[in-house]
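Trainee: Each residue of the sequence shown is one higher than the last, beginning at 12 in this note's numbering. Glycine included, C-beta positions come from ideal geometry on N, C-alpha and C. Only a predicted model underlies this, so the values are computations on that prediction, with no experimental measurement involved. Got a structure for you, questions after.
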Amino acid sequence: MNMGEASRYLTNFVDELAQNGMEHVVISPGSRSTPLALTFTEHPTIQEWVHFDERSSAFFALGMAKSKQKPVALVCTSGTAAANYYPAIVEAYYSRVPLIVLTADRPHELRDNGAPQAIDQIKMYGDYVKHFHEMAIPEANPSLVAYARRQAARAYSQAEATQPGAVQLNFPFRDPLIPDFTLENLWGNASGKYVTGITGHEQLHPSQTETLIDQLKDLSKGIIVCGELPGDTDVEAIHQLAEQWNIPIFADVLSHVRHGNNGNAKVISTYDAILKDEEFGRSFEPDFILRFGAMPVSKPYLKWIQAIPLKHHIVVDQASGYREPASLETTMVYSEPNELVQQMLKSPVQPTGDPAWLDTWTKMDEAAMKEIHESVDGEQLTEGKVAYELTEAATTGDVIFVGNSMPIRDLDTFSLTKKEKIRIHGNRGANGIDGLISTATGFAATGRAVTLFLGDLSFLHDYTALFIARKYELNLRVVVVNNNGGGIFSFLPQNSEADHFETLFGTPFNPPIKALAEAVGYHYHQPTRSKELQQLLEQPITGMEIIEVVTERDENKQHHRALWQRIAESISKEG
């Protein structure tokens, strides 16, 4: 027995997503979601991906959506399956990634009465989704077919609009659950979108741009800061703006401004290391900071701007929101970065940077880079050396996905400027250690060879994602720094709590990385010298590979602090 003519409700819904540009859906198995799962799988142009773990599935879809810069759909059954999507939806909200979350549900008569696998799924993600809609129960009704197309088009449009994010559509289904795919004209007659949304980009009126620049025209000590930027940002235009204004760029490791800059000396990649000496940093007071994108990873930068007086702090964001955790007096500029930069470049009035100001930052950057290069010289495999070698081995077009806690901080320190256009991504919306393998695997599913760099706890946290990479034979290299615990806590005040530190913060779990890798059929390597790691990283990424680098947390802390001290001594001679 099947759903009969009511099947058209679902086939037209799914087809409308395809008409809008949907290419991928990630499905987790379940009974109540049967109508959606079968219909997506039958559609001729949408590729389905199946994974048993809903939490991992959601991060996998997140990675695909980040890579493709377009919505990806998720399908799950009713009950706690939908709750497992929550962490990835939170990340999508903060990192502005478009997802269409399709949660199957019990019909209304089976809710709130003890029926199995029935929880309250109405607006279950709260304000972390841009839009919620409870879908009608499928019927053989032409008006409902039109309604289904309308809701699909609306969901797709809202997910990818100016500030992308997740939307949730909740689908209640009654038995029978099997669609009828023998119907004539199964997918309808659509030759385009049912609802066409035309979304403009926020930009300033030219007079507003002139007013903004007028505030800066007499100031000579400026800095352009680039955090993680929207995927379509023209970074070359930002380089051009720095050239025209003759001021330095503080380029976050996720900004895509640090790499592929054709040797632009105005890019300061070591500003985090320079500013670790807080007293020294306070002797350099910029007149203004113009930031594009999210707040940089660097904590020393945050502490620095909170400690110095600023005449103007300007944050450019492409959509409404308030990404300004420093709590400074700030001018929030809501504009597409590309639009604003082009207006600024054409302005008849321009700030003129102080050559001595730029020269000082450039020389400090060179001094810091020299110390970093010397710190990774030799065959010892430190955690910083791993981050350094990852960047050194990468070539134009390569993707590095970096985990949170220490890996991204090490990459921020040891990934120096280079001409090759490599792309470094991470989940910095909520900064969690969950879902990192899944997100990187989602990138790999879009046809890109990906190197994932993360710690041992993050690896354990998302181990099930290795199964989906194996299932679909994706090209993924996982570099695991195994220091047997949470390495970042060694740098935090908790480290002084000797009685409880290891149990609560160090959290050693003695992960058997080799056995775990081999259990899922991954190639495994454990280099012990720098040359061995270099040789592994220079090989093309073909298939699935795990590289484990074993380090020791206290030794790593000492190595980092010694480097910071040498950098502080070196830059003091330049400042």
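1) Tell me Pro183's beta-bridge partners as DSSP assigns them.
2) Pick out whichever of Phe454, Thr341, Ser309, Pro336 has its Cα sitting closest to the Cα of Leu321.
3) Which residues share a DSSP beta bridge with Lys429?
4) Which same chain residues, not among the five before or five after Ser67, have their C-beta less than 6 Å away from its C-beta?
5) Please work out which residues of its chain come closer than 6 Å, Cβ to Cβ, to Glu213, disregarding the five sequence neighbours upstream and downstream, and give them in chain order.
6) Is the segment 478-489 in contact with the segment 416-429, if contact means three or more CB pairs nearer than 8 Å?
7) When DSSP labels each residue in this structure, what does Asp328 get in the three-state scheme?
8) Which one or two residues does DSSP pair with Glu145 in a beta bridge?
9) Given Leu252, which residues of its chain have a CB within under 7 Å of its CB, disregarding the five upstream and five downstream residues?
10) Who does Glu59 pair with in a DSSP beta bridge?
11) Quick one: what's got a C-beta closer than 6 Å to Glu394's C-beta in the same chain, skipping five residues either side?
12) Within the continuous alpha helix (DSSP H) that includes Ala262, where are the two ends?
13) Roughly how many angstroms separate the alpha carbons of Lys396 and Ser581, rounded to a whole number?
14) Do you know whose CA, among Ser89, Ala84, Leu113, Tyr139, lies nearest Ala103's CA?
15) Give the single residue among Asn442, Ser416, Arg439 whose Cα lies nearest to the Cα of Asn494.
16) Is DSSP giving Leu401 helix, strand or coil here?
17) Grouping DSSP H, G and I as helix and E and B as strand, with all else coil, what is Glu221?
18) Run the CB neighbour count on Pro3, radius 10 Å, all protein chains shown included, and call it buried at 16 or more, exposed below.
19) Under DSSP, the beta strand (DSSP E) around Arg293 begins and ends at which residues?
20) Round the Cβ separation of Ser18 and Thr88 to the nearest angstrom and send it over; I've been treating them as touching at under 8 Å.
21) Express the C-alpha separation of Gln329 and Arg107 in angstroms, rounding to a whole number.
22) Using a Cβ-Cβ cut-off of 7 Å (strictly less than) and excluding sequence neighbours within five positions of Glu171, which residues of its own chain qualify?
23) Between Gln361, Ala159, Gln576, Arg269, which has its C-alpha nearest Asn257's C-alpha?
24) Go to His384, then tell me how far its alpha helix (DSSP H) extends in each direction, as first and last residue.
25) Under 9 Å between the Cβ atoms of Phe63 and Asp116?
26) Report the three-state DSSP secondary structure of His536 (helix, strand or coil).
27) Does the distance from the C-beta atom of Gly437 to that of Phe470 stay below 9 Å?
28) Against chain D, does Ser202 count as a neighbour if the rule is that its beta carbon must be under 9 Å from one of theirs?
29) Taking Cβ to Cβ, would you say Gly238 is nearer than 9 Å to Leu215?
30) Helix or strand or just coil, what does DSSP make of Gly496?
31) What does the Cβ neighbour count give for Lys141, buried or exposed, with the cut at 16 atoms within 10 Å?
32) Evaluate contact between the segment 282-293 and the segment 571-580, counting only Cβ atoms and requiring at least three cross-stretch pairs below 8 Å.
33) In or out: Gln169 buried (at least 16 other Cβ within 10 Å) or exposed?
34) If you draw a straight line from the alpha carbon of Ile275 to that of His250, how long is it in whole angstroms?
35) What are the start and end residues of each continuous alpha helix (DSSP H) run of 4 or more residues lying completely inside the segment 50-113, in chain order?
Mentor: If we stick to the structure as given:
1) Locating residue 183 in the sequence shown gives position 172, where the first residue counts as 1. DSSP lists Asp116 as partners of Pro183.
2) As a first step, residue 321 is located in the sequence shown; it is residue number 310 there, counting from the start. It is Thr341.
3) As a position in the sequence shown, residue 429 is number 418, starting the count at 1. His270, per the DSSP bridge assignment.
4) In the sequence shown, residue 67 corresponds to position 56, counting from 1. If we look at Ser67 and ignore the five residues flanking it on each side, its Cβ neighbours are Ser449, Thr475, Ala476.
5) As a first step, residue 213 is located in the sequence shown; it is residue number 202 there, counting from the start. Cβ neighbours of Glu213 beyond the five flanking positions: Tyr345, Ser346.
6) no
7) The residue you call residue 328 lines up with position 317 of the sequence shown. Strand.
8) Counted from its first residue, the sequence shown places residue 145 at position 134. DSSP output for Glu145 lists Asn181 as bridge partner(s).
9) Translated into positions along the sequence shown, residue 252 becomes position 241. Cβ neighbours of Leu252 beyond the five flanking positions: Ile235, Val352, Met355, Leu356.
10) In the sequence shown, residue 59 corresponds to position 48, counting from 1. In DSSP, Glu59 forms a bridge with Val36.
11) For this step, residue 394 is matched to residue 383 along the sequence shown. The residues are Asp421, Val492, Thr562, Asn567.
12) As a first step, residue 262 must be located in the sequence shown, where it is residue number 251. No alpha helix (DSSP H) contains Ala262, which is instead part of the beta strand (DSSP E) from 260-262.
13) Here the question's residue 396 lines up with position 385 in the sequence shown. Here the question's residue 581 lines up with position 570 in the sequence shown. Going from the Cα of Lys396 to the Cα of Ser581 covers about 20 Å.
14) What you label residue 103 is simply residue 92 of the sequence shown in a count that begins at 1. Cα-wise, what sits closest to Ala103 is Tyr139.
15) Translated into positions along the sequence shown, residue 494 becomes position 483. It is Ser416 whose Cα lies nearest to the Cα of Asn494.
16) For the purposes of this step, residue 401 is taken as the residue at position 390 of the sequence shown. Note: Leu401 maps to helix in three-state DSSP.
17) The residue labelled residue 221 in the question sits at position 210 within the sequence shown. Looking at Glu221 - three-state DSSP - the assignment turns out to be helix.
18) In the structure as shown, the chain begins at 12 and stops at 586. Residue 3 is therefore absent and cannot be evaluated.
19) Counting from one through the sequence shown, the residue named residue 293 turns up at place 282. Careful: Arg293 lies outside any beta strand (DSSP E) and carries neither H nor E.
20) The residue labelled residue 18 in the question sits at position 7 within the sequence shown. The residue labelled residue 88 in the question sits at position 77 within the sequence shown. 19 Å between Cβ atoms; not a contact.
21) Position 96 of the sequence shown, counted from the first residue, corresponds to residue 107. Position 318 of the sequence shown, counted from the first residue, corresponds to residue 329. Cα to Cα, the separation comes out at about 11 Å.
22) Walking along the sequence shown from the start, residue 171 turns up at place 160. Excluding residues within five positions, the ones whose Cβ falls inside 7 Å are Lys81, Pro82, Pro109.
23) On the sequence shown, residue 257 is found 246 positions in, with the first residue counted as 1. Taking only the C-alpha atoms, the option nearest Asn257 is Gln361.
24) As a working note, residue 384 is residue 373 in the sequence shown. From DSSP, the alpha helix (DSSP H) with His384 extends over 366-386.
25) Taking the first residue of the sequence shown as position 1, residue 63 is located at position 52. Taking the first residue of the sequence shown as position 1, residue 116 is located at position 105. Contact: no.
26) Counting from 1 along the sequence shown, the entry for residue 536 is found at position 525. If DSSP states are grouped into helix, strand and coil, His536 belongs with the strands.
27) Counted from its first residue, the sequence shown places residue 437 at position 426. Counted from its first residue, the sequence shown places residue 470 at position 459. Not in contact: Gly437 and Phe470 (Cβ atoms no closer than 9 Å).
28) Any reference to chain D falls outside this structure, which holds one protein chain only.
29) Walking along the sequence shown from the start, residue 238 turns up at place 227. Walking along the sequence shown from the start, residue 215 turns up at place 204. Contact flag unset, no.
30) Looking up residue 496 in the sequence shown gives position 485. Gly496: coil per DSSP, three-state reduction.
31) The residue labelled residue 141 in the question sits at position 130 within the sequence shown. Under this definition Lys141 is a buried residue.
32) yes
33) Here residue 169 refers to the residue found at position 158 when the sequence shown is read from its first residue. Buried, by the Cβ-count rule.
34) Here residue 275 refers to the residue found at position 264 when the sequence shown is read from its first residue. Here residue 250 refers to the residue found at position 239 when the sequence shown is read from its first residue. According to the sequence shown, residue 275 is Asn rather than Ile. Going from the Cα of Asn275 to the Cα of His250 covers about 8 Å.
35) 65-79, 91-94, 97-106
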